[in-house]
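First the structure, in the form of C-alpha cells, and then the observations on it.
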Amino acid sequence: MILGLTGGIGSGKSTVSKIFLSMGIKVFDADLIAKDILETEQVKEEIKEKLGKEFINLKSNSVDKELLKKEVFNNSKKLNILNGIVHPRVVDIYIKKYLEFKDKKEIVIFDVPLLFEVNLERYCDKVIVVDIDLKVQIERIKNRDNIDVALINKIIAAQMSREERNMKADILIENNGSLEELKQKIEKIIKDIERGKI
Numbered sequence: 001m002i003l004g005l006t007g008g009i010g011s012g013k014s015t016v017s018k019i020f021l022s023m024g025i026k027v028f029d030a031d032l033i034a035k036d037i038l039e040t041e042q043v044k045e046e047i048k049e050k051l052g053k054e055f056i057n058l059k060s061n062s063v064d065k066e067l068l069k070k071e072v073f074n075n076s077k078k079l080n081i082l083n084g085i086v087h088p089r090v091v092d093i094y095i096k097k098y099l100e101f102k103d104k105k106e107i108v109i110f111d112v113p114l115l116f117e118v119n120l121e122r123y124c125d126k127v128i129v130v131d132i133d134l135k136v137q138i139e140r141i142k143n144r145d146n147i148d149v150a151l152i153n154k155i156i157a158a159q160m161s162r163e164e165r166n167m168k169a170d171i172l173i174e175n176n177g178s179l180e181e182l183k184q185k186i187e188k189i190i191k192d193i194e195r196g197k198i
C-alpha cells in the first residue's frame with residue numbers, strides 16, 4: 001500500500017516520517033530527492049541560465065540553497081521557474097517508485113510537501129495529512145529554521161491552504177500534542193491498515 005504523506009511547513013510531517021522509518025516502513029522523501037536533483041549538473045546549468053549564476057557557489061560548485069530559498073519566496077515568478085525545473089524530475093522519480101511498489105503488500109510512504117500541488121496523490125492508495133494550529137506552526141518554524149515571520153508567512157502562502165489540504169485527506173493527523181501522542185496515532189493507523197480497516 002502506498003501512503004501519501006503531506007502537510008504544511010512546520011506541521012510535523014518530517015517527524016511523522018521518522019516515526020514510520022523507526023517502524024521499519026520505507027519512506028521516499030521529496031525534500032531529499034529534490035536536494036539530490038538540485039546537485040545534478042543539468043539542473044545547476046538550468047538554474048544558472050534561468051535564475052542566475054549567483055545561485056551557484058563557484059568554490060563548491062553547488063546550489064546556494066539558502067540564497068535560493070530567500071529569493072524564490074520573495075518572487076513568485078522565480079518560484080514558478082524553480083518549480084518548473086525541479087518538480088517534473090521529482091514526479092518522474094515517484095512514478096518509478098509507484099510502478100515498483102503498486103502491486104506489493106508492504107506499506108511505503110511518499111513524503112511530499114506539495115503532494116496535491118504536483119498531483120502525486122493519484123499514485124497513492126491513501127493520503128495522510130499532518131495538520132497543526134497556525135500559531136504553533138509559526139512558532140515551530142521560527143525555532144527550527146531561525147527565519148523571520150514575514151518569510152514564514154510567504155512560505156505558508158505559497159502552499160495549499162490548510163482547509164483545502166485537510167479536505168483532501170483520507171487520514172488526518174492533528175499534531176498539536178506531544179510526540180508520544182503522535183506516535184500512538186501513527187501506530188493506530190498502521191494497525192488499522194493491517195486489519196483492513198483503512
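The opening position of the sequence shown corresponds to residue 1 in my numbering, with each subsequent residue numbered one higher.
Glycine included, every Cβ here is placed at the ideal spot set by N, Cα and C.
Beta strand (DSSP E) segment containing Lys26, residue limits: In the DSSP annotation of this structure, the continuous segment of the beta strand (DSSP E) that includes Lys26 starts and ends at 26-29.
Does Asp92 come out as helix, strand or coil in the three-state DSSP assignment?
helix
(request) Could you confirm whether any beta carbon from chain C is found closer than 8 Å to the beta carbon of Lys168? (result) In summary, chain C is missing from the structure at hand, where a single protein chain is found.
Next item on the list: Assign Leu38 to one of two classes, buried (16 or more other C-beta atoms within 10 Å of its C-beta) or exposed (fewer than that).
Entry: buried
As a quick exercise: from Lys154, Lys135, Val108, Ser62, pick the residue whose alpha carbon is nearest that of Phe20. Distance from the Cα of Phe20 is smallest, within the candidate group Lys154, Lys135, Val108, Ser62, for Val108.
Check: Would the C-beta of Glu49 count as close to the ligand GTP, meaning under 7 Å from any of its heavy atoms?
Finding: What this structure holds is no ligand at all, so the ligand GTP is not there to describe.
Pull up the DSSP beta-bridge partners for Ile2, would you. Answer by DSSP bridge pairing, in chain order: Val108.
Task: Proximity to Arg162 [Cα-Cα], best of Ser22, Asp131, Thr15 - done: Asp131
- Is DSSP giving Lys126 helix, strand or coil here? strand
- From Asn145 to Glu139, what distance separates their C-alpha atoms? This sequence places Asp at residue 145; Asn is not what is there. Within the model, the alpha-carbon separation for Asp145 versus Glu139 is close to 10 Å.
### Message
With three or more C-beta pairs closer than 8 Å as the rule, is the stretch 5-23 touching the stretch 110-120?
### Response
yes
Enclosing beta strand (DSSP E) for Glu174 [first to last residue] = 171-174
Which residues does DSSP list as the beta-bridge partners of Ile56? Residue pairing for Ile56: DSSP places it in a beta bridge opposite Val63.
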